[in-house]
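Here the sequence shown is numbered in the working numbering, starting from 978 and rising by one per residue.
Cβ atoms here follow ideal geometry from the backbone N, Cα and C, with glycine treated the same way.
Remarks on the structure that follows.
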Amino acid sequence: MFHKIKKEELTWGESLGQGSFTKIFKGKREEYIDCDSHQMDVLLKVLDHTHRNYSESLFEAASIMSQISHKHLILVYGICAVNKDNIMVQEYVKHGALDIYLKKNKNKSRVNISWKLEVAKQLGYAMNFLEDKRIVHGNICAKNILLTREGDAMTGLPPFIKLSDPGISITILPIEVRIDRIPWVAPECIGNPRNLSLESDKWSFGTTLWEIFSPGDLPLNSLEPSQKLQFYQDYLRLPAPKWSELAHLINQCMAYQYSLRPCFRAIIRDLNRLITSDYELLSDLPPSEI
Ligand SMILES: N#Cc1ccc(Nc2nc(N)cc(-n3ccc(CO)n3)n2)cc1
């Protein structure tokens, strides 16, 4: 399952924002390694008291991430559950979530096409690792991609990302939340969330690709819930990026027929093709026009 962490080991720092049913704080964890103490930075993900009924799902998310180890997956140290608080303790990632980072660096030359392709490829590696282990994540989105290293175009140092835990599973969340998460939640999971599968992770990966390459926009952000549902009922597609090969890959991942979605090995191969083809493209389009 997961390691149980005592509240005394934790020191609380600043609030860093909030997820759907959680609040996140920076913190420190006292660690005793061969009897001298070490303080390490941690991220404390606290379940809102009003959603204490979801604590089992938070523990399940922690348990999934604790059972596997990969350089592009977040490291979860364990859970601290004392009286009303349910806290997931994970490694602190220096630059936080990708969705906020992309907005902040919208027109910065550092966040260019090759930077974005590198991030997409690393996410593909994490997803391929999960697919090989038949582990469904269930909440792939830019908000759950964490930036360990910004990278530096001058020295050619690439960015480095880690996929976060899935949080509360959509299989137990009310239909309103599933509809609100269109277009990240795959169509087959709207009617019946138990259709969550390795294939639905591919759909979400496609939406996340769209997010990474859009200049900080959120897909279908202006639509009401009923219009989001209609979007699926009409088999509509997200606005295609101008880069047709990228648009093609996004649409393959976001195939309404889930058996047609490519495996992550194929997705990584296609991303590598985009990376090699990317340089002709750079000459004629400004990054924001992809
Ligand atoms: N300003 C700022 C700032 C904010 C957060 C971090 N660090 C961090 N470390 C993690 N392990 C997880 C997260 N998350 C953020 C959203 C989610 C939702 O999944 N996680 N953020 C660093 C700087």
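- Membership of Asn-1063 in the beta strand (DSSP E) is indicated by the continuous run 1062-1068.
- For Ser-992, same chain residues with a beta-carbon under 6 Å away, outside a window of 5 residues either side, are Phe-1002 in chain order.
- Under DSSP, Val-1053 forms a beta bridge with Gln-1067.
- Under the DSSP definition of a beta bridge, Gly-1004 partners with Trp-989, Val-1019.
- The beta-bridge partner set that DSSP reports for Ile-1138 consists of Leu-1124.
- Relative to ligand 1, the beta carbon of Gly-1073 is positioned inside 6 Å of a heavy atom.
- Between Ile-982 and Tyr-1054 the beta-carbon gap is near 6 Å, inside 8 Å, which marks them as a contact.
- Contact check for His-1026 against Lys-1061 passes: the beta carbons are separated by less than 7 Å.
- Excluding sequence positions up to five before and after Lys-1080, its CB lies within less than 8 Å of the CB of Gly-1193, all in the same chain and listed in chain order.
- Spanning the alpha carbons of Met-1104 and Gln-1016 requires a straight line of approximately 32 Å.
- Going by C-alpha positions, Ile-1244 is about 12 Å away from Met-1231.
- Contact annotation: Glu-1176 and Tyr-1235 have beta-carbon atoms nearer than 7 Å.
- Counting every other CB atom within 10 Å of its CB across the protein chains shown gives Glu-1037 a total of 16 or more, marking it as buried.
- If you check the CB distance, Val-1023 and Thr-988 do not come in under 7 Å.
- Taken in chain order, the unbroken stretches of alpha helix (DSSP H) that lie wholly in the region 1219-1252 and span 4 residues or more are 1221-1230.
- Annotated three-state conformation of Val-1059 is strand, per DSSP.
- Nearest in C-alpha terms to Val-1066, of all of Glu-1222, Val-1019, Ala-1074, Lys-1110, is Val-1019.
- Within the same chain, and ignoring the five residues on either side of His-1072 in sequence, the residues whose Cβ sits closer than 8 Å to its Cβ are Tyr-1078, Leu-1123, Leu-1124, Thr-1125, Arg-1126, Glu-1127.
- Across the set Gly-996, Lys-1120, Lys-984, Pro-1164, the C-alpha of Lys-984 shows the shortest separation from the C-alpha of Gly-1004.
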